[in-house]
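The next block holds one structure in the form of structure tokens; read it before the comments.
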Amino acid sequence: MLLSLSILTMLLGIFYLYSAEKQLAKWMYLLKPGTMVIIILVALWGMGDLPSSFSWWIVAGLVFSILGDIFLMLPKDRFIYGLVSFLIGHVCYVVAFLYVPGGGEVEIWLTGALLFTAILYLVKLSKGVFHSGGITLFLAVTAYVAIITSMVWAAFYSQQPLMIAGAILFFFSDAILAWDRFIGKLTYRNFLVMIPYYLAQYLFAVSLYWM
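Structure follows, in structure tokens:
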């Protein structure tokens, strides 16, 4: 079942990218959340008969992510709603990673590197963010950068390779999305955002099979 769902996830993701490149709106609206639905099924199948708190928090993160996807693809700008949905999703992932048995301390240099990267990127985004939505949007983006950085830190705390890889991919995807929206349009934006995004969510879902 895992293999079948994994292949279906890949196919739907590929079809979504094709639809996005060709601007096939109806297929985009179907396939973007549709791919996440299959990833959620991957997670539910991996929960087993006695799901742990970790498993439920991962599923909650996936559900809020699909809400974020829906808000961001609506014709009318729902960026703040999407931002808040993903922020809540990241909080769920942070809690999930902290629930992982056997987690350990994160090296101080790694914590410092994550903080430096987050602050540097926020400074880079600030001009475009203020121009787009003023102080309200800047505070929202700041909160988002803080929580996704915390999510990456928590993934390293878990010491689980799948979660670490997924968190880094998610951070990269969001960084590209923010660059495209607030700094300058990117030619291959859909590929640079969605491929690491789907991979990240898939890795989080698959991690349930080894916990």
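Position 74 of the sequence shown, counting from 1, maps to 63 under the working numbering, and the rest follow consecutively. The beta carbon of each residue, even a glycine, is placed where N, CA and C say it ideally should be.
What is the residue span of the alpha helix (DSSP H) that residue i lies within?
i	result
Thr100	Ile97 to Ser147
Thr176	That residue, Thr176, is in no alpha helix (DSSP H); it is neither H nor E in DSSP.
Leu13	Neither: Leu13 is in no alpha helix (DSSP H) and is coded neither H nor E.
Ser44	Ser42 to Met62
When DSSP labels each residue in this structure, what does residue i get in the three-state scheme?
i	result
Arg170	helix
Lys65	coil
Pro150	helix
Gly92	coil
Gly71	helix
Gly155	helix
Gly37	coil
Met(-10)	coil
Met200	coil
With a cut-off of 8 Å on the beta carbons, I'd call residue i and residue j a contact; round off their distance for me.
i	j	result
Phe193	Met152	7 Å
Val134	Leu111	5 Å
Ala156	Ala144	4 Å
Phe4	Leu(-6)	No, Phe4 and Leu(-6) are not in contact; Cβ-Cβ is about 16 Å, not under 8 Å.
When you compare the CB positions of residue i and residue j, do they come within less than 8 Å of one another, or not?
i	j	result
Leu175	Ile184	no
Ser42	Met36	no
Leu158	Leu188	yes
Leu114	Val130	yes
Phe86	Tyr70	no
Val80	Trp142	no
Phe171	Gly117	yes
Gly23	Gly50	no
Trp34	Leu(-9)	yes
Val182	Ser196	no
Tyr177	Thr(-2)	no
Leu1	Ile27	yes
Does residue i get closer than 8 Å to chain D when you measure Cβ to Cβ?
i	result
Gly91	Annotation note: the requested chain D is absent from the structure, which comprises a single protein chain.
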